[in-house]
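One structure is given here, and the rest of the page talks about it.
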Amino acid sequence: MTYDDMHPYMIECAAEAARVARGVAAAQLDDKSHCTDWDVRALVNHWVLYTSHGLEHRALRKQLPEELTARDFTADPDWAEAYAAQLDRAVAAWADPKVWEGEVDLGMAKMPAAELASMIIKEMAVHGWDVATATGQEYRVSEDASRLVLDVVETHGDLYRQYDGFAEPVPVPDDAPVFERALAASGRDPRPATPSRRSVSPE
Numbered sequence: 659m660t661y662d663d664m665h666p667y668m669i670e671c672a673a674e675a676a677r678v679a680r681g682v683a684a685a686q687l688d689d690k691s692h693c694t695d696w697d698v699r700a701l702v703n704h705w706v707l708y709t710s711h712g713l714e715h716r717a718l719r720k721q722l723p724e725e726l727t728a729r730d731f732t733a734d735p736d737w738a739e740a741y742a743a744q745l746d747r748a749v750a751a752w753a754d755p756k757v758w759e760g761e762v763d764l765g766m767a768k769m770p771a772a773e774l775a776s777m778i779i780k781e782m783a784v785h786g787w788d789v790a791t792a793t794g795q796e797y798r799v800s801e802d803a804s805r806l807v808l809d810v811v812e813t814h815g816d817l818y819r820q821y822d823g824f825a826e827p828v829p830v831p832d833d834a835p836v837f838e839r840a841l842a843a844s845g846r847d848p849r850p851a852t853p854s855r856r857s858v859s860p861e
């Protein structure tokens, strides 16, 4: 897929991520989440780091500095607004079609830029659902964006499971909504009140 195919979904999922972030109450950050060994704070920090700062750095072909990887973004009372602003910067960094060309050096390996972008869009959506679920919110994404997420999950599922990023797929009906099928394929249980599967990503 190309810039024209994916950048609109990046914009959509970033906007939804910002909306969900603004719905997280400070008192919920220390609550347990359905992600193995992660409370909501750890989940949010992972989400903020890779889907906003990581997204911009990949576009700029820069490595994430240690200062960012060690930061507790939630220590800032206005972290959700800061996250929304950083998402805007990250999405803007991918607005040039040329950024989607070539490869991105991940340190240990290189990956086609468009493929990496699709994986980070998946992170926005799937971890957005994780945060929404952990904080009593609903995550909303279009059918077309859901298809992209499903494609990424199915394409890279074995890689994520290799690094304990996904659990084994959860059975769902063949006619389940596309986003539910994507969640289930990533090892998440999309059914209400039973979110018990591991959902930590190695991204």
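Our numbering puts the first residue of the sequence shown at 659, with every later residue one more than the last.
We put the CB at the ideal spot given by N, CA and C, even for glycine.
None of these values were measured; they are calculated from a predicted model.
Looking at the DSSP output, M769 bridges to V762. Taking C-beta atoms under 8 Å as the contact rule, E801 and V836 qualify, at a distance of about 6 Å. The three-state secondary structure of K690, taken from DSSP, is strand. If you draw a straight line from the Cα of I778 to the Cα of Y708, it comes to about 8 Å. For D754, no pairing in a beta bridge is given by DSSP. Unbroken beta strand (DSSP E) runs of no fewer than 3 residues, entirely contained in the segment 696 to 725, are not found. Ranked by how close their Cα comes to the Cα of W705, the residues R849, A676 and S804 have A676 in first place. H711 is positioned such that its CB atom lies closer than 8 Å to that of L722.
Taking all protein chains shown into account, D730 has fewer than 16 neighbouring C-beta atoms within 10 Å of its C-beta and is therefore exposed.
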